Amino acid sequence: MDDLTATEVQNLMTSYMTNTMAFVVTADLMKKVEDAGVKKMLKFGLKIATEEVEGAEFFLKKSNRALQNPSQKRIY
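Every letter in the sequence shown is one number past the one before it in numbering that gives the first Met the number 0, and letter 45, counting from 1, is 44.
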């Protein structure tokens, strides 16, 4: 596999971080939502976020890039 350009790495990392955050937030919302229609929509969003995270992970790991763990708690 050819090396990724800086722009490609940036785009993949942004996608990875954004979709991981979307997954966490959507999963939390699903615990609280009672409406079946909204729950169905959130489930679809989880599916999309999961597919996007897996795709970004694949390319980033193939190019030996370290993945950040966005759900890791930070202490400031």
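All C-beta atoms in this analysis are idealised placements derived from N, C-alpha and C, irrespective of residue type, glycine included.
Since the model is a prediction, treat every value here as computed from it, not as a measurement.
Below 8 Å, how does it come out for the segment 2–11 and the segment 30–46: are there three or more Cβ pairs, yes or no? Below 8 Å, too few C-beta pairs join the segment 2–11 and the segment 30–46 to call them touching: fewer than three.
Do you know how far the Cα of alanine 26 is from the Cα of aspartate 34? For the purposes of this step, residue 34 is taken as the residue at position 35 of the sequence shown. For the purposes of this step, residue 26 is taken as the residue at position 27 of the sequence shown. Using only the alpha carbons, I get a separation of about 15 Å.
Please work out which residues of its chain come closer than 6 Å, Cβ to Cβ, to leucine 11, disregarding the five sequence neighbours upstream and downstream, and give them in chain order. Numbered from 1 along the sequence shown, position 12 holds the residue referred to as residue 11. Closer than 6 Å at Cβ, skipping near neighbours: Ala55, Phe58 and Leu59.
Cutting at 6 Å between CB atoms, please list the residues of its own chain near lysine 30, excluding the five before and the five after it. One-based indexing of the sequence shown puts residue 30 at position 31. Excluding positions up to five away in sequence, the list is empty.
Nearest to leucine 45 by alpha carbon, out of Val8, Thr13 and Asn18? As a first step, residue 45 is located in the sequence shown; it is residue number 46 there, counting from the start. The option with the nearest alpha carbon to leucine 45 is Asn18.
Return the residue from the list Glu50, Ala65 and Leu66 that minimises the CA-CA distance to alanine 21. The residue labelled residue 21 in the question sits at position 22 within the sequence shown. The option with the nearest alpha carbon to alanine 21 is Glu50.
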